[in-house]
Every structure is written in C-alpha cells, then in structure tokens.
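Participant: I have a structure here, written as structure tokens, and I will follow up with some questions on it.
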Amino acid sequence: MSIVKNQPRYKNSLLQAIRGTLEHRAMWLALLVEEAEKKGLKPEEYAGAAIKKCGCIQGKELVDKTKGKTSLKGLKKNLFTIPAQFVFEMKILESTDDNLSIDFHYCPLVAAWQKMGLSDEKIAQLCDIAMDGDRGIASQYGCKLNLGKVISKGEDICQIRFERTEPIIK
C-alpha cells in the first residue's frame, strides 16, 4: 500500500487539462530513466544534472524578464502565477526579496507516477530529480532551494523554500 497522499481539491476541466500536460512530462522523465536503467545507467549519474541545466535555462529566462533583477518577488510574479497556484494548489506563505516560501498541496507529476503504478521509492527518486529543475531556477536567483516535507514521501504537502545565498541584484 502506497504512503503517498496526493488528491486534488480543485478538479475543473481546465485544471485537469493543464495537469495532464504536466503529467505527460512526468511520464517522459519516468520512461527515460527506466530505459537508461535498462542500459546500466544510474539516474543519479545523469538525470539530475540534465534537469538542473533545464532549470538554469528557465531561471535565466525568468531573471531576464525582470531586466536582470534577482528579487524573489519577481520569481513569485513570473513563475508562481495565479494559474500555477491553482494547478499545484499552492499557498504562498512568504514573498520577500530574499525568501519565498510556498506550500504545494497537490503535485501532477506525482499523480502521473502514481497512475503508472510506480513504487513509492521510485516516485520519491523521480521527484528529487524533477526538483533539480527548481534547484537550477534557484541558482539563477542567487538562492538555494530547501525542501521540508514532500508529497512524494507521504507528506500532505511539499514545503518549497527559496532562500538567498548571494547578494541580490536590484
């Protein structure tokens, strides 16, 4: 029996369609990892680096939208938009130049892996790989991403915390 709890509260057709696109992306990741493992590659040797690189590209694009400013208020405005907040059922707890704290109450990526029938251990592994994208985004803002509770390990929320580690560019 799975320990992963991941049930959406909001289920309208638009949210389901958007979540479906994210689930499809999550399925790609799972299947790429599965095929690579069949060839003897270990996910920790390649997957996180590739996903982090993608996050760095996205993070740079987000910083460029704010003319090079690295305030986490800009990250909230440009990435964690109202639509995104509905898709992931987010609650913004803090949003300052140096800290951005968000609780996610639902994850479509985890939902995809659950639908695929993956083990709790595999779901947790894939989640950590996927979070490397967010780690890459954080690096472009001069920040570190800290995770508290995570849905993929049976918690009821994902605690996402961006914390500044380098001077802000205003």
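Residue numbers (this note's numbering): 16 to 185. Built from N, CA and C at the ideal position, the CB exists for glycine as well.
Per the DSSP calculation, residue 118 is bridged to which residue(s)?
Facilitator: 106, 174
Participant: Distance check for residue 35 and residue 132, CA to CA, integer angstroms please.
Facilitator: Distance between the alpha carbons of residue 132 and residue 35 is about 17 Å.
Participant: Measure the alpha-carbon distance for residue 89 versus residue 106 and round it to whole angstroms.
Facilitator: 17 Å
Participant: Output the distance between the C-alpha atoms of residue 163 and residue 145, rounded to the nearest integer angstrom.
Facilitator: 16 Å
Participant: Using a Cβ-Cβ cut-off of 7 Å (strictly less than) and excluding sequence neighbours within five positions of residue 159, which residues of its own chain qualify?
Facilitator: Taking C-beta separations shorter than 7 Å and ignoring five residues to either side along the sequence, the partners of residue 159 in its chain run 153, 178, 180, following chain order.
Participant: Residue 24: buried (16+ other C-beta within 10 angstroms of its C-beta) or exposed?
Facilitator: exposed
Participant: Would you decide whether residue 123 is buried or exposed? Buried here means 16 or more other CB atoms lie within 10 Å of its CB.
Facilitator: buried
Participant: Exposed or buried, residue 22, counting other C-beta atoms within 10 Å across all chains shown (16 or more means buried)?
Facilitator: exposed
Participant: Taking residue 129 as the reference, which of 101, 42, 60, 30 has the closest Cα?
Facilitator: 42
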